[in-house]
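Chemist: Questions regarding the structure given below will be posed in turn.
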Amino acid sequence: MRAARHRDEHRRAATTVRDAARTALGTFVREAREAYVAARGDVHVVVGNEACDLDSVACAVAYAYVESASSASSSMVVPIVSCAREDIYLRPDVVYALREVGVEIEDVLCLDDVVGADVATPKSICLVDHNALSARIFPRAWGGRVRRIIDHHEDARAHDQGECVKVIELIGSCASLVHRDVVAAKREALDASGARDVARLLLGAVVLDTRFLDASTTRASAIDFETADALRATLDWDEDAARREYETLSAARHDQSTFTCAQLLAKDYKQWTMGAYEIGVASFGVRLQDLAARQDASSIDAECDAFMASRRVHALFMMTSFEDADAGGAYTRQIAVTRPVEGALDCADVMRRVNERTPVAAFDVDSNASTKASRALRASYAMADVKASRKKVQPILVDVFTALSAETRS
1 MRAARHRDEH RRAATTVRDA ARTALGTFVR EAREAYVAAR GDVHVVVGNE
51 ACDLDSVACA VAYAYVESAS SASSSMVVPI VSCAREDIYL RPDVVYALRE
101 VGVEIEDVLC LDDVVGADVA TPKSICLVDH NALSARIFPR AWGGRVRRII
151 DHHEDARAHD QGECVKVIEL IGSCASLVHR DVVAAKREAL DASGARDVAR
201 LLLGAVVLDT RFLDASTTRA SAIDFETADA LRATLDWDED AARREYETLS
251 AARHDQSTFT CAQLLAKDYK QWTMGAYEIG VASFGVRLQD LAARQDASSI
301 DAECDAFMAS RRVHALFMMT SFEDADAGGA YTRQIAVTRP VEGALDCADV
351 MRRVNERTPV AAFDVDSNAS TKASRALRAS YAMADVKASR KKVQPILVDV
401 FTALSAETRS
């Protein structure tokens with residue numbers, strides 16, 4: 001498997017240089033994992049979202065590092081990456097960004113370390129890059145310990161009771177909010193080296209999430225521009241240096257040419273309960289036509305079916321974004337929806353309802369009439385709004401499936 005190959009390559013490369021290259025930030029991440037494993041109930045944690053993209057991981061690591069450095073308490077704030085360690089290697093941009101600031105993947109606290117027989121409830125929980133703790137992944141008791149949320153997605157109205165303080169702003173990158181509200185506010189807690197490592201991690205997230213501050217195709221806002229300027233100043237980078245970092249990260253993120261369908265689904269996946277339905281949305285950077293051309297229909301269908309069965313979803317959406325070589329390099333988005341074979345959901349009706357909120361147009365992913373088209377890709381659509389990322393489409397899906405749930409009950 002590609003993930004295993006990436007993992008083994010990174011482990012071999014790291015073996016001889018790990019201790020020499022580990023920075024203060026890298027040492028912190030290792031010690032934070034050790035502290036959690038040793039005394040799960042005696043630490044505070046910060047949890048990134050289950051997609052585990054760079055924005056989520058960078059926010060969790062930066063928040064934990066700065067809060068731990070600035071706290072008068074002996075309790076550590078521990079960052080949690082909400083996927084299996086194996087799956088991080090499906091995100092080469094994340095691996096690169098962490099390695100560049102001295103953080104080794106083997107030192108990161110992942111779901112492998114969290115899910116187990118002895119899962120004590122942390123003292124408190126902060127959510128970054130999402131605003132509803134997943135009860136599918138974490139113990140339900142953890143939901144009552146959420147005390148802070150920093151996010152840039154639509155508010156799911158979770159954790160509204162009790163002491164939770166929310167900062168939710170619909171901007172380009174959550175890293176901009178973490179920088180403004182945590183890093184910049186507590187800058188004096190970091191030495192120069194630590195400040196640079198945090199700045200590089202967060203700047204990578206900002207420029208990658210906003211396509212280098214492109215407001216025409218992303219939610220890049222004034223705070224993202226201001227944050228990028230501040231982080232570049234900390235690093236003493238000019239705009240060209242920041243662009244080189246963006247191009248390196250972007251190339252790493254979008255190099256999915258050898259990924260199987262199953263790996264594409266797993267690399268950036270989120271799941272929600274929407275009314276009576278369990279809905280999954282996978283995001284990747286391969287044209288649906290190219291996926292259909294490089295992998296036979298039966299294996300695509302089998303991998304989608306297995307993925308849906310393992311996660312017990314009623315529907316699986318596949319959202320793709322890429323620069324389309326057939327359209328002069330124009331930034332393009334597509335969406336497809338499928339359901340389990342035994343499911344009763346009408347995918348065409350779902351997309352008709354989605355089309356009422358954001359325009360989509362059906363197309364055939366397989367133009368070769370001599371081959372059997374994939375059932376999983378049968379309901380594929382081009383998206384007119386290039387800003388309609390998963391964070392923008394998810395609230396639309398909530399409304400669609402909530403309405404379908406009400407209709408089913410009546």
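The sequence shown runs 1 to 410 under UniProt numbering.
Even for Gly, the Cβ is constructed at its ideal location relative to N, Cα and C.
Quantities reported herein were computed from a predicted structural model and do not represent experimental measurements.
1) Just confirm the distance between the C-beta atoms of Gln161 and Trp272, as a whole number of angstroms; I'd bet it's less than 8 angstroms.
2) Have a look at Leu203 and Arg232 and give me their C-alpha separation to the nearest angstrom.
3) Look up His152 in the DSSP assignment and say whether it is helix, strand or coil.
4) Under 8 angstroms by Cβ, that's how I've got Ile300 and Leu377 pegged, so tell me the actual separation to the nearest angstrom.
5) Taking contact to mean at least 3 C-beta pairs separated by less than 8 angstroms, is the segment 207 to 221 in contact with the segment 161 to 173?
6) Helix, strand or coil for Gly162 per DSSP?
7) In angstroms with no decimal places, state the Cα-to-Cα distance between Ala344 and Leu316.
8) Examine the Cβ distances between the segment 92 to 107 and the segment 147 to 154 and report whether three or more of them are shorter than 8 angstroms.
9) Any idea which residues DSSP pairs Val46 with across the strands?
10) May I ask you to check if the CB of Leu213 is nearer than 6 angstroms to at least one heavy atom of the ligand GDP?
11) Round the Cβ separation of Val165 and Asp181 to the nearest angstrom and send it over; I've been treating them as touching at under 8 angstroms.
12) I need the DSSP call for Trp237, collapsed to helix, strand or coil.
13) What are the uninterrupted segments assigned as alpha helix (DSSP H) that are 4 or more residues long and contained completely in the UniProt domain "DHHA2" (246 to 401), given in chain order?
14) Give every residue of the same chain whose Cβ lies closer than 8 angstroms to the Cβ of Asp290, excluding the five residues on either side of it in the sequence, and list them in chain order.
15) From Ser405 to Ala24, what does the alpha carbon distance come to, in whole angstroms?
16) To the nearest angstrom, how far is the alpha carbon of Ser124 from that of Ser82?
17) Between which two residues does the alpha helix (DSSP H) carrying Val207 extend?
18) Less than 8 angstroms between the CB atoms is what I'm expecting for Gln334 and Leu265, so what's the real figure, rounded?
19) Would you give the residue range spanned by the alpha helix (DSSP H) that Gly26 belongs to?
20) From Val77, Glu50, Thr320 and Val61, pick the residue whose C-alpha is nearest to that of Ala35; which is it?
21) To which residues of the same chain is Asp112 closer than 6 angstroms at the C-beta, ignoring the five residues directly before and after it?
22) Whole angstroms is fine: what's the gap from Arg294's alpha carbon to Asp87's?
23) Looking only at its chain, what residues have a beta carbon closer than 8 angstroms to the beta carbon of Val66, apart from the 5 residues adjacent to it on each side?
24) Can you give me the start and stop residues for the alpha helix (DSSP H) that Pro92 sits inside?
25) In three-state terms, what does DSSP make of Val114?
26) Comparing alpha-carbon positions, which option in Ala205, Arg253, Arg33 and Phe307 lies nearest Val128?
27) Between the C-alpha atoms of residue 411 and Ala64, what's the straight-line distance to the nearest angstrom?
28) Anyone know if the C-beta pair for Thr408 and Ala388 falls short of 7 angstroms?
29) How is the alpha helix (DSSP H) around Ile137 delimited, first residue to last?
Modeler: Looking at the coordinates:
1) Not a contact, Cβ separation roughly 20 angstroms.
2) If I take the Cα positions, the gap works out to 8 angstroms.
3) DSSP places His152 in coil when its eight states are reduced to three.
4) The Cβ separation is near 7 angstroms, so the contact holds.
5) Because the criterion of three Cβ pairs below 8 angstroms is met, the segment 207 to 221 and the segment 161 to 173 touch.
6) Under the three-state reduction of DSSP, Gly162 is assigned to coil, being neither helix nor strand.
7) Using only the alpha carbons, I get a separation of about 13 angstroms.
8) No: the two stretches stay apart, fewer than three of their Cβ pairs being nearer than 8 angstroms.
9) Per DSSP, Pro79 and Cys126.
10) Judged by which ligands are present, the structure shown has none, so any question about the ligand GDP falls away.
11) The C-beta distance from Val165 to Asp181 rounds to 10 angstroms, too long to meet the 8 angstroms contact threshold.
12) Trp237 falls in the coil class under three-state DSSP.
13) For the UniProt domain "DHHA2" (246 to 401), whole alpha helix (DSSP H) runs of length 4 or above, ordered along the chain, are 261 to 267, 288 to 294, 297 to 311 and 347 to 355.
14) Here the set comprises nothing.
15) Between Ser405 and Ala24, the alpha-carbon positions lie close to 50 angstroms from each other.
16) Separation of Ser124 and Ser82 (C-alpha to C-alpha, rounded to the nearest whole angstrom) is 17 angstroms.
17) Here the alpha helix (DSSP H) through Val207 covers Ala192 to Asp209.
18) In this structure Gln334 is not in contact with Leu265, their Cβ atoms being roughly 15 angstroms apart against a cut-off of 8 angstroms.
19) Start and end: Ala24 to Ala38.
20) Nearest neighbour of Ala35 by Cα position, chosen from Val77, Glu50, Thr320 and Val61, turns out to be Val77.
21) Cβ neighbours of Asp112 within its own chain (closer than 6 angstroms, five residues either side excluded): Ala84 and Arg85.
22) Straight-line Cα distance between these residues: approximately 22 angstroms.
23) Val182, Val183, Lys186, Ala189, Leu190 and Val198.
24) For Pro92, the enclosing alpha helix (DSSP H) begins and ends at Pro92 to Glu100.
25) The three-state secondary structure of Val114, taken from DSSP, is helix.
26) For Val128, the closest C-alpha among the options Ala205, Arg253, Arg33 and Phe307 is that of Ala205.
27) Given a span of 1 to 410 for the chain in the structure shown, any question on residue 411 remains unanswerable.
28) No, these two residues do not count as a Cβ contact at 7 angstroms.
29) Where Ile137 is concerned, there is no enclosing alpha helix (DSSP H), because DSSP gives it neither an H nor an E.
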